[in-house]
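Student:
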Amino acid sequence: MNLHRGGWWHTAVGVLILAVLLFPVYWMANVSLQTSSSAEQTPWIPLHLSLHGYRQALHDQGGHLLTSLIVAVGTVVFSLLIAAPAAYALAHFKIRFANAVLLAILVSQMVPGIVVANALYSAYNDLGLLNSVGGLILADSTAGIPFAILILRAFMGSLPTSVIEAAWVDGAGPIRTFVSVVLPMCRNALVSSALFTFLFAWGDFLFALTLTTTEDVRPVTLGIYTYLGSYVPDWSSVMATAVLASLPALVLLMVAQRYVAAGTTTGAIK
Amino acid sequence: MADARLPSRISSPGRRGQRALEFLFLVPAVAYLVLFFGYPVVKNVVMGFQEYTTKTFYTGEAPWVGLANYSAVIGSSVFDRAVLNTALFTVGSIAGQFVLGLAVALYFRRRFPLSGVLRSLLLLPWLVPIIVSSAIWRWILDQDNGALNRVLESLPGVDARPGWLSSTSLALIAVIVVNIWIGIPFNATILHGGLQDIPPDLYEAAALDGARGWKAFRYITWPLLRPVVNVVLLLGLVYTIKVVDLILGLTRGGPANSTQTIATQSYHLSFAEFDFGQGAALGNILIVVSMVFAFLYLRANRRTA
Numbered sequence: 328m329n330l331h332r333g334g335w336w337h338t339a340v341g342v343l344i345l346a347v348l349l350f351p352v353y354w355m356a357n358v359s360l361q362t363s364s365s366a367e368q369t370p371w372i373p374l375h376l377s378l379h380g381y382r383q384a385l386h387d388q389g390g391h392l393l394t395s396l397i398v399a400v401g402t403v404v405f406s407l408l409i410a411a412p413a414a415y416a417l418a419h420f421k422i423r424f425a426n427a428v429l430l431a432i433l434v435s436q437m438v439p440g441i442v443v444a445n446a447l448y449s450a451y452n453d454l455g456l457l458n459s460v461g462g463l464i465l466a467d468s469t470a471g472i473p474f475a476i477l478i479l480r481a482f483m484g485s486l487p488t489s490v491i492e493a494a495w496v497d498g499a500g501p502i503r504t505f506v507s508v509v510l511p512m513c514r515n516a517l518v519s520s521a522l523f524t525f526l527f528a529w530g531d532f533l534f535a536l537t538l539t540t541t542e543d544v545r546p547v548t549l550g551i552y553t554y555l556g557s558y559v560p561d562w563s564s565v566m567a568t569a570v571l572a573s574l575p576a577l578v579l580l581m582v583a584q585r586y587v588a589a590g591t592t593t594g595a596i597k
Numbered sequence: 171m172a173d174a175r176l177p178s179r180i181s182s183p184g185r186r187g188q189r190a191l192e193f194l195f196l197v198p199a200v201a202y203l204v205l206f207f208g209y210p211v212v213k214n215v216v217m218g219f220q221e222y223t224t225k226t227f228y229t230g231e232a233p234w235v236g237l238a239n240y241s242a243v244i245g246s247s248v249f250d251r252a253v254l255n256t257a258l259f260t261v262g263s264i265a266g267q268f269v270l271g272l273a274v275a276l277y278f279r280r281r282f283p284l285s286g287v288l289r290s291l292l293l294l295p296w297l298v299p300i301i302v303s304s305a306i307w308r309w310i311l312d313q314d315n316g317a318l319n320r321v322l323e324s325l326p327g328v329d330a331r332p333g334w335l336s337s338t339s340l341a342l343i344a345v346i347v348v349n350i351w352i353g354i355p356f357n358a359t360i361l362h363g364g365l366q367d368i369p370p371d372l373y374e375a376a377a378l379d380g381a382r383g384w385k386a387f388r389y390i391t392w393p394l395l396r397p398v399v400n401v402v403l404l405l406g407l408v409y410t411i412k413v414v415d416l417i418l419g420l421t422r423g424g425p426a427n428s429t430q431t432i433a434t435q436s437y438h439l440s441f442a443e444f445d446f447g448q449g450a451a452l453g454n455i456l457i458v459v460s461m462v463f464a465f466l467y468l469r470a471n472r473r474t475a
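Chains as they are written, first to last, in the working numbering: chain A, 328 to 597; chain B, 171 to 475.
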């Protein structure tokens with residue numbers, strides 16, 4: 328339990344831990360840059376760089392990457408539109424069944440995705456929502472909405488009531504107060520919720536697998552799965568697709584790492 | 171919870187409209203929860219008692235079959251295996267993720283040069299889509315050309331190439347190991363957050379009394395970390411029991427059902443055999459199991475807390 332400052336010796340061990348844990352990520356990048364297919368052993372370091380995998384990946388999966396992007400952005404917009412007002416109501420209005428709603432949100436986390444998919448399949452079939460971007464956005468929001476409500480509610484609950492009361496006294500109704508006073512103060516929590524909702528939707532595989540049946544609307548996660556048929560002839564293309572499918576996560580981690588860490592903690596604890 | 175209600179002096183007719191307006195903030199979310207969680211659960215309960223197959227989509231008929239789906243599902247040869255696999259997968263994954271995540275969190279509790287950067291890079295495996303992780307590990311664990319077997323082969327005295335994902339005795343272990351790898355960053359991040367909240371002077375005081383190292387962990391860190399530990403384990407339980415994507419990506423439940431869990435078998439029944447009634451029956455069993463575990467877990471913790 329040493330809380331004192333450690334030296335470079337600790338950094339070295341830290342790097343070692345990280346190297347072990349991140350080896351698979353390195354391996355993905357390494358294989359993606361190789362010319363070879365699964366017939367030969369992959370060299371440990373990509374000495375002969377080749378973009379063959381990336382050309383193939385963009386050719387086969389470019390459209391799927393775009394679909395993933397549209398679905399993920401759509402899910403973020405839809406989820407926040409639903410979650411932010413609800414979080415505000417749960418944090419600041421005296422609503423009798425607020426606790427019941429919170430309990431429902433917690434219990435909803437225990438409903439397996441496969442159960443949701445099983446029931447939605449027939450409903451989507453009747454409603455013509457199979458193979459549609461809208462259908463995937465609605466289904467993918469099952470991960471984002473409860474999570475965003477919990478994060479935003481925790482944050483909004485900690486806002487100073489005096490600011491909100493001041494808006495009331497100035498004659499602003501609940502909607503004006505919410506839009507022009509509360510939301511701007513919640514910027515960080517909104518960014519954090521948006522980020523996670525994006526990652527959930529981007530990484531969704533189960534709904535893509537069950538609620539789409541044709542090529543029309545196929546996110547890249549399902550594209551990778553179809554690549555992973557029983558026999559994979561060309562691992563560098565698969566890994567190039569994997570890298571492309573991980574890019575949003577890498578970019579978000581670099582651009583917004585403090586939101587990621589904050590979101591993980593708040594979302595889980597509060 | 172903060173209460174920013176209207177001051178009571180505001181006139182009552184306006185207040186009623188205000189209340190209705192406030193209500194509207196919550197309506198879309200409640201409607202969504204009902205449609206995308208409530209409806210599926212109710213629909214699954216109903217489907218569990220119906221013969222609901224592809225035929226249903228053409229004829230619109232789903233005859234009632236009583237408990238036939240349940241007896242078919244439970245009587246199937248896959249069921250026992252799936253229950254055992256679900257238990258091993260869940261317990262093994264959570265134990266591994268937690269212990270390793272805690273070790274990492276304790277290590278990165280020290281402040282040393284670059285510790286912040288290293289800690290945020292640690293999140294990577296968790297942010298990568300799960301199906302991507304499956305793809306990476308499929309190639310690392312490949313029997314003939316995988317990185318792991320190549321390392322093993324180069325060790326003196328080893329000349330076996332285990333089929334990590336293709337042998338019935340190893341596949342489940344391999345799947346658990348990959349899931350542990352995915353879960354370490356999440357566990358480490360949350361536990362690290364919990365460790366940060368423990369006041370450092372407690373350790374200084376304890377050190378004066380001679381409590382350092384293991385003793386300090388046992389009597390200060392662990393008791394104060396318990397609430398966070400409970401949250402991490404409960405979330406781990408709830409999420410792990412319903413994992414589908416990782417297993418489908420790595421082994422598709424095989425070989426010979428050796429990695430089939432309740433969740434993947436439910437998927438298989440509905441979307442590979444198109445028996446939505448049986449898939450629903452197994453899904454319902456999964457809901458009950460996860461609710462029971464979550465409830466028991468919460469109860470046990472309330473008693474000790």
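Idealized CB from N, CA, C, for every residue including glycine. Note that this is a predicted model, so its numbers are computed, not measured.
Of all the options A:PHE532, A:PRO560, A:TYR558 and A:SER563, which has the alpha carbon lying nearest to the alpha carbon of GLY550 (chain A)?
Tutor: Numbered from its first residue, the first sequence carries residue 550 (chain A) at position 223. Checking every option, the nearest Cα to that of GLY550 (chain A) belongs to A:PHE532.
Student: Does the beta-carbon of LYS213 (chain B) have 16 or more other beta-carbons within 10 angstroms, so that it is buried, or is it exposed?
Tutor: Stepping through the second sequence from its first residue, residue 213 (chain B) is reached at position 43. By the neighbour-count rule (16 or more Cβ atoms within 10 Å), LYS213 (chain B) is buried.
Student: Go ahead and pull the three-state DSSP assignment for ASP445 (chain B).
Tutor: Along the second sequence, read from residue 1 onward, the residue named residue 445 (chain B) stands at position 275. In this structure, ASP445 (chain B) counts as strand in the three-state DSSP scheme.
Student: Count the other CB atoms within 10 Å of the CB of ALA450 (chain B); is the residue buried (16 or more) or exposed (fewer)?
Tutor: The residue given as residue 450 (chain B) occupies position 280 in the second sequence. Counting Cβ neighbours within 10 Å, ALA450 (chain B) comes out buried, since at least 16 surround it.
Student: Between which residues of its own chain and ALA470 (chain B) is the CB-CB distance below 8 Å, once the five residues before and five after are set aside?
Tutor: Counted from its first residue, the second sequence places residue 470 (chain B) at position 300. Taken in chain order, the list of residues that qualify is empty.
Student: At least one CB of chain A closer than 8 Å to the CB of TRP234 (chain B): is that the case?
Tutor: Mapped onto the second sequence, residue 234 (chain B) falls at position 64. False, the Cβ-Cβ gap to chain A never drops below 8 Å.
Student: Any chance you could list the alpha helix (DSSP H) runs of at least 4 consecutive residues sitting entirely within the stretch 362-415 of chain B, in chain order?
Tutor: Fully enclosed alpha helix (DSSP H) runs of 4 or longer: 370-378, 383-386 and 392-410.
Student: My assumption, with CB atoms under 8 Å, is that PRO210 (chain B) sits in contact with LEU447 (chain A). Please give the rounded CB distance.
Tutor: Residue numbering aside, residue 210 (chain B) sits at position 40 when the second sequence is read from its first letter. Residue numbering aside, residue 447 (chain A) sits at position 120 when the first sequence is read from its first letter. Indeed they touch by this definition, with Cβ atoms about 6 Å apart.
Student: Who are the near neighbours of TRP309 (chain B) in its chain, counting only those whose CB is closer than 7 Å to its CB and skipping five residues on each side?
Tutor: For this step, residue 309 (chain B) is matched to residue 139 along the second sequence. Same-chain partners within the cutoff: GLY316.
Student: Taking Cβ to Cβ, would you say ILE422 (chain A) is nearer than 8 Å to ILE476 (chain A)?
Tutor: Position 95 of the first sequence, counted from the first residue, corresponds to residue 422 (chain A). Position 149 of the first sequence, counted from the first residue, corresponds to residue 476 (chain A). Not in contact: ILE422 (chain A) and ILE476 (chain A) (Cβ atoms no closer than 8 Å).
Student: In whole angstroms, what separates the C-alpha of VAL345 (chain B) from that of THR488 (chain A)?
Tutor: To locate residue 345 (chain B), count along the second sequence from 1; it is residue 175. To locate residue 488 (chain A), count along the first sequence from 1; it is residue 161. In a straight line, the C-alpha of VAL345 (chain B) is about 49 Å away from that of THR488 (chain A).
Student: For THR540 (chain A), name the three-state secondary structure that DSSP assigns.
Tutor: Here residue 540 (chain A) refers to the residue found at position 213 of the first sequence. It is coil, neither helix nor strand.
Student: Let me check understanding here. Comparing Cα to Cα, which of A:SER468, A:LEU517, A:ASP453 and A:GLY498 lies closest to ARG480 (chain A)?
Tutor: Counted from its first residue, the first sequence places residue 480 (chain A) at position 153. Selected option, being the one with the closest Cα: A:LEU517.
Student: Does any residue of chain B bring its CB to less than 8 Å from the CB of SER564 (chain A)?
Tutor: Within the first sequence, numbered from 1, the residue matching residue 564 (chain A) stands at position 237. Answer no: the Cβ-Cβ gap between SER564 (chain A) and chain B never drops below 8 Å.
Student: Please classify LEU407 (chain A) as buried or exposed, where buried requires at least 16 other C-beta atoms within 10 Å of its C-beta.
Tutor: Counted from its first residue, the first sequence places residue 407 (chain A) at position 80. With 16 or more Cβ atoms within 10 Å of its Cβ, LEU407 (chain A) is classed as buried.
Student: What are the uninterrupted segments assigned as beta strand (DSSP E) that are 3 or more residues long and contained completely in the stretch 483-570 of chain A, given in chain order?
Tutor: Here no run is fully enclosed.
Student: Determine the closest residue to GLY424 (chain B) out of B:VAL216, B:GLU192, B:ILE343 and B:LEU394, with distance taken between C-alpha atoms.
Tutor: Within the second sequence, residue 424 (chain B) is the residue found at index 254, counting from 1. The shortest Cα separation from GLY424 (chain B) among B:VAL216, B:GLU192, B:ILE343 and B:LEU394 belongs to B:ILE343.
Student: Could you have a look at ASN329 (chain A) and say whether DSSP puts it in helix, strand or coil?
Tutor: In the first sequence, residue 329 (chain A) corresponds to position 2, counting from 1. Since pLDDT at ASN329 (chain A) reaches only 47, below the 50 mark, its modelled position is unreliable, and the value read off the structure follows with that caveat. Looking at ASN329 (chain A) - three-state DSSP - the assignment turns out to be coil, as it is neither helix nor strand.
Student: How long is the line joining the alpha carbons of PRO299 (chain B) and GLY262 (chain B), rounded to whole angstroms?
Tutor: As a position in the second sequence, residue 299 (chain B) is number 129, starting the count at 1. As a position in the second sequence, residue 262 (chain B) is number 92, starting the count at 1. Approximately 21 Å between the Cα atoms of the pair.
Student: Going by DSSP, what residue range makes up the alpha helix (DSSP H) through TRP234 (chain B)?
Tutor: Translated into positions along the second sequence, residue 234 (chain B) becomes position 64. Here TRP234 (chain B) belongs to no alpha helix (DSSP H), and DSSP marks it neither H nor E.
Student: Check whether the Cβ atoms of MET512 (chain A) and HIS419 (chain A) sit closer than 8 Å, and answer yes or no.
Tutor: Counting from 1 along the first sequence, the entry for residue 512 (chain A) is found at position 185. Counting from 1 along the first sequence, the entry for residue 419 (chain A) is found at position 92. Taking 8 Å as the Cβ cut-off, MET512 (chain A) and HIS419 (chain A) do not qualify as a contacting pair.
Student: Between which two residues does the alpha helix (DSSP H) carrying SER324 (chain B) extend?
Tutor: By 1-based counting over the second sequence, the position of residue 324 (chain B) is 154. Element bounds for SER324 (chain B): 317-324.
Student: Nearer than 7 Å: is that true of the beta carbon of TYR209 (chain B) relative to any heavy atom of the ligand COA?
Tutor: The ligand COA is not part of this structure, which contains no ligands at all.
Student: Between ILE344 (chain A) and chain B, is there a C-beta pair that is closer than 8 Å?
Tutor: If you number the first sequence from 1, residue 344 (chain A) lands on position 17. At least one chain B Cβ lies under 8 Å of ILE344 (chain A).
Student: Rank A:PHE523, A:THR338 and A:ALA535 by C-alpha distance to the C-alpha of VAL404 (chain A) and give the top, closest one.
Tutor: The residue you call residue 404 (chain A) lines up with position 77 of the first sequence. Among A:PHE523, A:THR338 and A:ALA535, the Cα nearest to that of VAL404 (chain A) belongs to A:PHE523.
Student: Under three-state DSSP, which class holds GLN220 (chain B)?
Tutor: What you label residue 220 (chain B) is simply residue 50 of the second sequence in a count that begins at 1. DSSP places GLN220 (chain B) in strand when its eight states are reduced to three.
Student: Can you grab the Cα-Cα spacing for the pair GLY447 (chain B) / ALA569 (chain A), in whole Å?
Tutor: Numbered from its first residue, the second sequence carries residue 447 (chain B) at position 277. Numbered from its first residue, the first sequence carries residue 569 (chain A) at position 242. Using only the alpha carbons, I get a separation of about 35 Å.
Student: Which residue marks the beginning of the alpha helix (DSSP H) containing ASN458 (chain A), and which one marks its end?
Tutor: Position 131 of the first sequence, counting from 1, holds the residue named residue 458 (chain A). Neither: ASN458 (chain A) is in no alpha helix (DSSP H) and is coded neither H nor E.
Student: Please name the residue, chosen from A:PRO501, A:VAL442, A:VAL490 and A:SER449, that lies closest to THR224 (chain B) on a Cα-to-Cα basis.
Tutor: Here residue 224 (chain B) corresponds to residue number 54 of the second sequence, with the count starting at 1. The shortest C-alpha separation from THR224 (chain B) is found at A:SER449.
Student: Taking Cβ-Cβ distances shorter than 7 Å, what residues in chain B pair up with ALA416 (chain A)?
Tutor: Position 89 of the first sequence, counting from 1, holds the residue named residue 416 (chain A). Simply GLU192, PHE195 and LEU196.
Student: Output the distance between the C-alpha atoms of GLY453 (chain B) and LEU405 (chain B), rounded to the nearest integer angstrom.
Tutor: As a working note, residue 453 (chain B) is residue 283 in the second sequence. As a working note, residue 405 (chain B) is residue 235 in the second sequence. Spanning the two alpha carbons is a distance of roughly 19 Å.
Student: Verify the CB distance criterion: does TYR552 (chain A) have a CB-CB separation below 8 Å to chain B?
Tutor: In the first sequence, counting from the first residue as 1, residue 552 (chain A) sits at position 225. For TYR552 (chain A), the answer is yes, since a Cβ of chain B falls inside 8 Å of its Cβ.
Student: Once DSSP output is grouped into helix, strand and coil, what is the label at ARG331 (chain B)?
Tutor: For the purposes of this step, residue 331 (chain B) is identified with residue 161 of the second sequence, where counting begins at 1. ARG331 (chain B): coil per DSSP, three-state reduction.
Student: Along chain B, which residues have their Cβ under 8 Å away from the Cβ of VAL602 (chain A)?
Tutor: Here chain A has residues from 328 to 597 only, and residue 602 (chain A) is not among them.
Student: With distances taken from CA atoms, which of A:LEU348, A:LEU376, A:VAL544 and A:ARG382 is nearest ALA399 (chain A)?
Tutor: The count along the first sequence starts at 1 and reaches residue 399 (chain A) at position 72. Checking every option, the nearest Cα to that of ALA399 (chain A) belongs to A:VAL544.
Student: So what does DSSP say about ARG382 (chain A), is it helix, strand or coil?
Tutor: Residue mapping note: residue 382 (chain A) aligns to position 55 of the first sequence, counting from 1. Helix, per DSSP.
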